[in-house]
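Residues -1 to 177 (this note's numbering) make up the sequence shown, in order.
For each residue, glycine too, the CB sits at the ideal point set by N, CA and C.
None of the values given here were measured: they were computed from a predicted structure.
Working notes, beginning with the structure itself.
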Amino acid sequence: AGPREEAVPEPAVPEPVIDEPAAILDRVRAKGVVRFLWQADPETRFLSVSDSLAATLGDEAADVVGSTWADLAGGRVEDPSGIVADVLARRETWSGRTVWWRIDDRHAAPVDLAGMPVLDRTRGLVGYRGFGLIRADAAEIRPLPAPPPSAEQASAEPDADDAAILGADGAVSADDSEP
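Quick look at the structure:
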């Protein structure tokens, strides 16, 4: 008899990752409204967030420990009016401040934030504590906002004074030139 051939197992085929916008939204929306707790230092650097943020919006969305509010508001969280930064700067207690928390670069969920300053016995600021209500059932497709123009782009565009001098095509008109 000849040599025996051994059956070579076929390589396992990984299941495809479903990254369809509808599938992501369905997964997040099914979680309803979820509460998470947070704590920050006096410079608004996040010291902790409860696991429910990651469980609802994903690990990447919840990777905030070590980031300041300014870091988050520049990308992971949309707070276009700057209302949370304002109340943090004034060291006020607040509630019901809605921001958009990114799930990824295409999706976000509204989050209602509440917080308060934590003071020591001498009324010195120790940090902040609060909670968020993730309205996962209202998550939506929300592309990243366009970044602000760079300094080079801004200087290349005519300002109001230049626009008054320049014609619609950007050239100095013959009527506006001095003799």
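Short Cβ contact (9 angstroms threshold) for residue i with residue j
i	j	result
Leu70	Ala60	no
Arg89	Leu111	no
Val75	Thr54	no
Val47	Asp77	no
Ala137	Ile101	yes
Ile132	Val109	yes
Leu142	Asp103	yes
Gly113	Trp92	yes
Span of the alpha helix (DSSP H) around residue i
i	result
Thr54	49 to 55
Val82	81 to 87
Leu70	67 to 71
Residue i, buried or exposed, once every other Cβ within 10 Å from all chains shown has been counted against 16
i	result
Gly64	exposed
Pro115	buried
Val85	buried
Ser175	Confidence is the limiting factor: at Ser175 the pLDDT is only 48, short of 50, which leaves the residue's position unreliable, though a coordinate-based value still follows. Under this definition Ser175 is an exposed residue.
Ala68	exposed
Ala134	buried
Thr42	buried
Ala38	buried
Enclosing beta strand (DSSP E) for residue i [first to last residue]
i	result
Leu111	105 to 117
Ala38	31 to 38
Leu74	The displayed chain sequence assigns Arg, not Leu, to residue 74. That residue, Arg74, is in no beta strand (DSSP E); it is neither H nor E in DSSP.
Gly130	123 to 133
Arg140	Here Arg140 belongs to no beta strand (DSSP E), and DSSP marks it neither H nor E.
Arg43	No beta strand (DSSP E) holds Arg43; DSSP gives it neither H nor E.
Val97	92 to 100
Cβ-Cβ separation, residue j to residue i (assumed contact under 8 angstroms), whole Å
i	j	result
Phe129	Leu35	5 angstroms
Ala87	Trp99	Their Cβ separation, rounded to whole angstroms, is 21 angstroms, which puts Ala87 and Trp99 out of contact at 8 angstroms.
Within the chosen definition, does the segment 21 to 28 reach the segment 112 to 126 through at least 3 CB pairs nearer than 8 angstroms? no
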